[in-house]
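Convert by adding 5 to the 1-based position in the sequence shown; the result is the number in our numbering.
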Amino acid sequence: MARAKTRRILSIYLPHLAAEQILRLHRGTSLQPLAVIAEAGNRQVLSSLCPKAQAAGLYRGQALSAAMALCANLITRSQNPAQEQAFHKALCRWAEKFSPWIAAEGTDGLVMDISGCAHLFGGETAMAETICADLAALGLSAEIGLADTRGAAWALARFGHGRGRAHQARGDAISQEARATRARAALRRRDMGPKFAPPAHQSKEMPIHIAPPLETRAAVLPLPIAALRLGDETIDGLARLGLHQIHHLLAQPRAGLARRFGPFLLQRLDQALGSLAEPVSPARSTPYFAVRMSFPEPIGTSDDLDAAILRLTEALCQKLDKAGRDLRSLRLDLAEMTEARRHITLRLARSHTDARTVYSLLKLQMEQGLKDLEPSTAFDMIRLEALQTEARNAIPHQGGDRAARAHAARSALDDLITRIGTRIGLEAITRPHPADSHLPEKSQKSLAAAWSDPFEGLWPRAHLPRPLTLFKPEFIDAPDSPEPPFRFAWRRQNFTVKSYIGPERIAPEWWLDDPNWRTGLRDYWCITTEQGARLWLFYAHGGAITGGWFAQGDFT
């Protein structure tokens with residue numbers, strides 16, 4: 006019977022990922038130690054270090070105050086989780102050239118299934134060396150572990166060089182073992198020692214640790230227990246019992262270990278030794294659409310630039326159309342001969358795949374973004390990237406040409422919003438929607454017209470008419486009485502009341518402490534004056550703040 010071919014898992018450990026990502030932005034010109042700082046409760050700790058900072062004696066998880074005491078010239082940067090995650094995803098895409106089965110491993114590593122792929126790179130060792138060299142060219146330090154199981158590859162990448170977690174003897178540790186216990190431990194070590202092979206094959210030039218096929222067990226057993234991906238509490242508990250290496254666990258009853266430390270310990274042990282499967286499940290990649298054009302000779306005339314951008318727009322819209330996606334926003338990158346880059350972003354009020362429409366809107370945006378362009382400027386690369394796309398929704402069939410006219414009118418309005426938005430910004434164009442509040446200033450909300458649909462229902466009607474113009478309450482000079490005044494002064498003008506409608510009592514929202522409503526209950530009146538003004542006044546009965554008469558709206 007033919008033996009089933011074993012799978013081969015490669016783990017990439019990036020010990021300085023966040024710090025080296027920052028160094029990449031500065032092209033590695035920093036000559037001083039660098040550390041990335043994270044918030045841990047009310048403390049600041051080191052979350053990532055560059056190799057120079059690690060060589061200075063600093064370590065991850067160390068308090069910032071202690072690190073500054075050891076390294077006075079330490080440069081610090083705040084942690085940016087979103088940026089680190091985006092860079093991690095970019096590395097996953099980059100590593101797809103080695104294997105299609107790749108996934109992120111925590112926040113500082115990658116894991117890939119290279120079964121059937123290694124021969125394309127000249128073997129496993131040559132493949133691992135190629136990965137290390139390519140990462141070094143990107144300015145990233147890496148350590149690689151290769152074994153039959155995912156857990157073993159992870160362990161070899163992080164502990165295959167002999168660096169483990171040192172468990173210092175503590176007050177509760179068993180530093181003075183009983184004589185019989187020491188004797189039994191010596192017998193166990195004597196009995197099990199010859200079965201252990203050297204941990205793994207190590208490359209002399211690069212940090213690569215390879216366990217040959219079917220020899221994963223022998224490579225993993227001498228490693229420290231921390232190589233099993235356990236929590237600190239479990240590792241400390243095992244250390245207090247004198248269990249420091251993986252082979253120590255095999256000499257213990259499994260039932261006792263599970264009872265004391267839970268089933269997760271045995272699960273990690275079985276995954277590392279291959280008794281429990283742990284496949285590599287690659288994350289589903291998000292759709293990515295971009296096109297670029299490089300020129301043998303830089304172009305600088307407006308006609309050449311427009312023609313190139315039109316061709317790129319058509320190519321991008323074709324890719325989106327084939328994928329069943331519509332364009333919502335895109336970015337134009339222009340690379341100058343001096344290595345300077347210009348970026349122009351276009352956001353659309355509705356999704357598009359019509360190249361001519363997108364091009365005309367992009368040209369409007371370019372007029373704003375390239376106003377300061379020198380006549381001698383030339384570009385040697387142009388790139389278009391779809392920043393946001395939407396799945397193309399099926400439109401329900403509607404008979405007659407009435408639906409077609411409505412759709413055309415809506416499309417024309419959205420295109421108009423986009424054109425105006427290229428001048429003043431899409432956020433500046435809003436449309437009102439009713440809000441669930443009885444307070445006058447909260448009865449409606451403004452939504453960005455580009456990202457909202459028109460309100461199609463009946464607008465809620467108040468008990469009494471509402472003014473055309475609503476402004477912040479302004480104090481008026483009138484007698485302090487709930488009855489409507491006969492005369493009052495407002496904005497340095499005297500008014501005489503001709504007629505009035507009301508009152509309409511509105512109470513503040515008791516569950517919110519709104520500073521504008523600390524004057525308590527309000528009685529609103531529609532006042533018509535002999536001077537022709539028609540105002541919306543209210544009398545505040547007083548609360549946390551003294552009340553009185555105020556004007557809040559104008560009907561004319």
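The beta-carbon is built from N, C-alpha and C at its ideal position, and this holds for glycine as well.
Which stretch, first to last residue, makes up the alpha helix (DSSP H) that contains residue 70?
-> As a first step, residue 70 must be located in the sequence shown, where it is residue number 65. Taken as a continuous stretch (DSSP letters only), the alpha helix (DSSP H) holding residue 70 covers 69-75.
Is the beta carbon of residue 298 sitting closer than 9 Å to the one on residue 425?
-> Taking the sequence shown and counting its residues from 1, one reaches residue 298 at position 293. Taking the sequence shown and counting its residues from 1, one reaches residue 425 at position 420. Cβ distance not < 9 Å, so residue 298 and residue 425 don't count as in contact.
When the distance is taken between beta carbons, is residue 419 closer than 9 Å to residue 455?
-> Residue numbering aside, residue 455 sits at position 450 when the sequence shown is read from its first letter. Residue numbering aside, residue 419 sits at position 414 when the sequence shown is read from its first letter. Yes; because the gap between Cβ atoms is below 9 Å, this pair is in contact.
Among 437, 152, 349 and 531, which one has its Cα closest to the Cα of residue 378?
-> As a first step, residue 378 must be located in the sequence shown, where it is residue number 373. Nearest option by C-alpha distance: 349.
Going by other Cβ atoms of all chains shown within 10 Å of its Cβ, with 16 needed for buried, is residue 173 buried or exposed?
-> As a first step, residue 173 is located in the sequence shown; it is residue number 168 there, counting from the start. Caution is warranted here: a pLDDT of 31 is assigned to residue 173, below 50, making its placement in the model unreliable, and the coordinate value is therefore given only provisionally. Exposed is the call here.
Would you say the region 356-363 touches the region 322-334, given that touching needs at least three Cβ pairs under 8 Å?
-> yes
Buried or exposed for residue 132, please, with buried defined as at least 16 other CB atoms from any protein chain shown within 10 angstroms of its CB.
-> Within the sequence shown, residue 132 is the residue found at index 127, counting from 1. Under this definition residue 132 is a buried residue.
State the Cα-Cα distance for the pair residue 108 and residue 290, rounded to the nearest angstrom.
-> Reading the sequence shown from its first residue, position 103 is the one you call residue 108. Reading the sequence shown from its first residue, position 285 is the one you call residue 290. Those two C-alpha atoms are separated by around 10 Å.
In or out: residue 506 buried (at least 16 other Cβ within 10 Å) or exposed?
-> For the purposes of this step, residue 506 is identified with residue 501 of the sequence shown, where counting begins at 1. Residue 506 is exposed by the Cβ-count criterion.
Which of helix, strand or coil DSSP assigns to residue 225 = Counting from one through the sequence shown, the residue named residue 225 turns up at place 220. Shown here, residue 225 sits in a helix according to DSSP, grouped into three states.
Could you tell me whether the region 439-447 touches the region 495-514, using the rule of 3 or more Cβ pairs below 8 Å?
-> At 8 Å Cβ cutoff, the stretches touch.
What is the C-beta distance between residue 273 and residue 235, in whole angstroms, given that I count them as a contact (C-beta under 8 Å)?
-> In the sequence shown, residue 273 corresponds to position 268, counting from 1. In the sequence shown, residue 235 corresponds to position 230, counting from 1. Residue 273 to residue 235, Cβ: 6 Å. Contact.
In this structure, does DSSP put residue 109 in helix, strand or coil?
-> Indexing the sequence shown from 1 puts residue 109 at position 104. Strand at residue 109.
Just to confirm, are residue 105 and residue 292 a CB contact at a threshold of 9 Å?
-> Walking along the sequence shown from the start, residue 105 turns up at place 100. Walking along the sequence shown from the start, residue 292 turns up at place 287. Going by C-beta atoms, residue 105 is not nearer than 9 Å to residue 292.
Whole runs of the alpha helix (DSSP H) within the region 242-291, excluding any shorter than 4 residues = 251-255, 259-266 and 268-278
Return the bridge partner residues of residue 393 from the DSSP annotation.
-> For the purposes of this step, residue 393 is taken as residue 388 along the sequence shown, with counting starting at 1. BP columns for residue 393 point to 334.
Can you have a look at residue 477 and say buried or exposed, based on whether 16 or more other CB atoms are within 10 angstroms of its CB?
-> As a first step, residue 477 must be located in the sequence shown, where it is residue number 472. The residue is exposed, with fewer than 16 neighbouring Cβ atoms inside 10 Å.
Can you tell me whether residue 14 is buried or exposed, with buried defined as 16 or more other CB within 10 angstroms of its CB?
-> Residue numbering aside, residue 14 sits at position 9 when the sequence shown is read from its first letter. Counting Cβ neighbours within 10 Å, residue 14 comes out buried, since at least 16 surround it.
Collapsed DSSP secondary structure at residue 191 in the structure displayed | As a first step, residue 191 must be located in the sequence shown, where it is residue number 186. Only weak support is given to the placement of residue 191: the predicted model assigns it a pLDDT of 38, under 50, and the question is left unresolved by the model.
Rounded straight-line distance, which links the Cα of residue 102 to that of residue 88 | Taking the first residue of the sequence shown as 1, we reach residue 88 at position 83. Taking the first residue of the sequence shown as 1, we reach residue 102 at position 97. So the alpha carbons of these two residues sit roughly 23 Å apart.
Opposite residue 559 in the DSSP bridges: which residues?
-> Here residue 559 refers to the residue found at position 554 when the sequence shown is read from its first residue. Its beta-bridge partners are 474 and 540.
Starting from the C-beta of residue 510, find all residues in its chain whose C-beta is less than 6 Å away, skip the five residues before and the five after it, and write them out in chain order.
-> Taking the sequence shown and counting its residues from 1, one reaches residue 510 at position 505. 528, listed in sequence order.
Would you tell me roughly how many angstroms separate the C-alpha atoms of residue 113 and residue 19, rounded to the nearest one?
-> Taking the first residue of the sequence shown as 1, we reach residue 113 at position 108. Taking the first residue of the sequence shown as 1, we reach residue 19 at position 14. Computed Cα separation, rounded: 5 Å.
CB-CB under 6 Å to residue 427, same chain, minus the five flanking residues each way: which ones, in chain order?
-> In the sequence shown, the residue the question calls residue 427 occupies position 422. Cβ within range, chain order: 369 and 370.
Using alpha carbons as the reference points, say which of 222, 305 and 249 lies closest to residue 280.
-> As a working note, residue 280 is residue 275 in the sequence shown. Ranking 222, 305 and 249 by Cα distance to residue 280 puts 222 first.
Assuming residue 532 and residue 470 make a contact with CB atoms under 8 Å, what is their CB distance in whole Å?
-> Counted from its first residue, the sequence shown places residue 532 at position 527. Counted from its first residue, the sequence shown places residue 470 at position 465. That belief does not hold up - the Cβ atoms of residue 532 and residue 470 are roughly 12 Å apart, past 8 Å.
Proximity to residue 148 [Cα-Cα], best of 154, 157, 165 and 92 = For the purposes of this step, residue 148 is identified with residue 143 of the sequence shown, where counting begins at 1. Considering only alpha carbons, the answer is 165.
Where does residue 461 sit, in a helix, a strand or coil, going by DSSP?
-> Against the sequence shown, residue 461 aligns to sequence position 456. Note: residue 461 maps to coil in three-state DSSP.
Residue 119, DSSP secondary structure in three states | In the sequence shown, residue 119 corresponds to position 114, counting from 1. Reduced to three states, the DSSP call for residue 119 is coil.
Is it true that the CB of residue 390 sits closer than 9 Å to the CB of residue 313?
-> On the sequence shown, residue 313 is found 308 positions in, with the first residue counted as 1. On the sequence shown, residue 390 is found 385 positions in, with the first residue counted as 1. Against a cut-off of 9 Å, the Cβ pair of residue 390 and residue 313 comes out as no contact.
Taking the CB atoms as reference points, tell me whether residue 423 and residue 353 lie closer together than 9 Å.
-> One-based indexing of the sequence shown puts residue 423 at position 418. One-based indexing of the sequence shown puts residue 353 at position 348. Yes; because the gap between Cβ atoms is below 9 Å, this pair is in contact.
Sheet register partners of residue 499 (DSSP bridge) = Here residue 499 refers to the residue found at position 494 when the sequence shown is read from its first residue. Note: residue 499 sits in a beta bridge opposite 494.
Rounded separation between residue 276 and residue 347 - CA only | Here residue 276 refers to the residue found at position 271 of the sequence shown. Here residue 347 refers to the residue found at position 342 of the sequence shown. Each residue's Cα considered, the two are about 50 Å apart.
Determine the direct distance from the alpha carbon of residue 232 to that of residue 216, and round the result to whole angstroms.
-> By one-based count along the sequence shown, residue 216 stands at place 211. By one-based count along the sequence shown, residue 232 stands at place 227. Between residue 216 and residue 232, the C-alpha separation is close to 15 Å.
Return the residue from the list 74, 62, 64 and 92 that minimises the CA-CA distance to residue 29.
-> On the sequence shown, residue 29 is found 24 positions in, with the first residue counted as 1. Of the listed residues, the one whose Cα sits closest to residue 29 is 92.
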